[in-house]
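Residue numbering for the sequence shown follows this note's numbering, starting at 26 and increasing by one per position. Every residue, glycine too, gets a C-beta built ideally from N, C-alpha and C. Remember, predicted model here, so these are calculated numbers, not experimental data.
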Amino acid sequence: MHFSPLGGLVVHAVDRYLAGRPGAEGLAIARISFDILGRLALDECEITVESVRPGRTIELLEAVVVIAGRPVVRARAWLLASADTEAVAGGAAEVLTPPEEVAAWDMASVWPGGYIASIDVRPLAPPRPGRTTAWIASPLELVAGEPSSALASFVALVDTANGIAVRESPTEWMFPNVDLTLHLHRQPRGRWTGLDTTVTFGPAGHGVTSTVLHDVHGPVGHAQQILTVRPQRRG
């Protein structure tokens, strides 16, 4: 199973946890990190959420995803109090060309799988090795018959960043990420997730995927993924 939708599902579980608790309305997820502990089976999952560091203006939550009795993802989210800082806002990257003005790309020509086949991918320019900027959206609900927050739907697409700017053919090299961390200076809005992505491979089997995150209104933060880079086994 591709991790990306599961990341969104974790945010959805955090949203539900906060919705059932008084006094959490003024808090927003400003950072969330996911440690991927192993292969993800396409099966039912259980997500538990608990407060690690309670607080009225700063809080740390932890969520654990269990599939077939085994923890497969451990996530931590820093929640920070929201306040009006419009007067000093600045420093973000430029706004991307709107998704309506760019053509779709068949990402399934590079990657197999139902998740990739289900998403609408629109690069601003032809993808280059290690460098791509693209919009991504999904026509599917994160949870069937249940509304999800804009953040949960946004995060459900971010892990795709490691696949839009491949440095080497995935038939020759594998480069899975073992984590995903998002830092947000603004909460995303709308159905489109913008990924301005750079992939770097080092000389000793490690790599980093770095992404500036956008919605249609402009940048919202950054994402990082650490990669284990290995040649594909033959035979």
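For Asp221, the closest of Thr73, Leu209, Thr110 and His239 by C-alpha to C-alpha distance is His239.
Leu67 carries a coil assignment under DSSP once its states are collapsed to helix, strand and coil.
A residue is called buried once 16 or more other Cβ atoms fall within 10 Å of its Cβ, and Ala102 is buried on that count.
Taking 4 residues as the shortest admissible run, the stretch 101-179 contains the following complete alpha helix (DSSP H) segments, listed from N- to C-terminal end: 139-143. Put simply, the backbone Cα of Val135 is about 8 Å away from that of Pro195. DSSP, read as helix, strand or coil, puts Pro30 in helix.
A straight-line Cα-Cα distance of about 24 Å links His231 and Arg56. According to the DSSP assignment, Gly232 belongs to the beta strand (DSSP E) that extends over His231 to Asp240. Contact between Ala100 and Phe59 holds: their C-beta atoms lie close to 5 Å from each other, under 8 Å. Gly188: not part of any beta strand (DSSP E); member of the alpha helix (DSSP H) spanning Ala186 to Ile189, first to last residue. Under DSSP, the beta-bridge partners assigned to His247 are His208 and Val237.
For secondary structure counted as the beta strand (DSSP E) over 3 or more consecutive residues, the stretch 53-98 holds these complete runs in sequence order: 70-78 and 83-92. Taking C-alpha positions only, Asn202 is separated from Gly32 by approximately 13 Å.
DSSP, reduced to helix, strand and coil, places Val224 within a strand of the structure shown. Rounded to whole angstroms, Arg147 and Ile83 show a C-alpha spacing of 37 Å.
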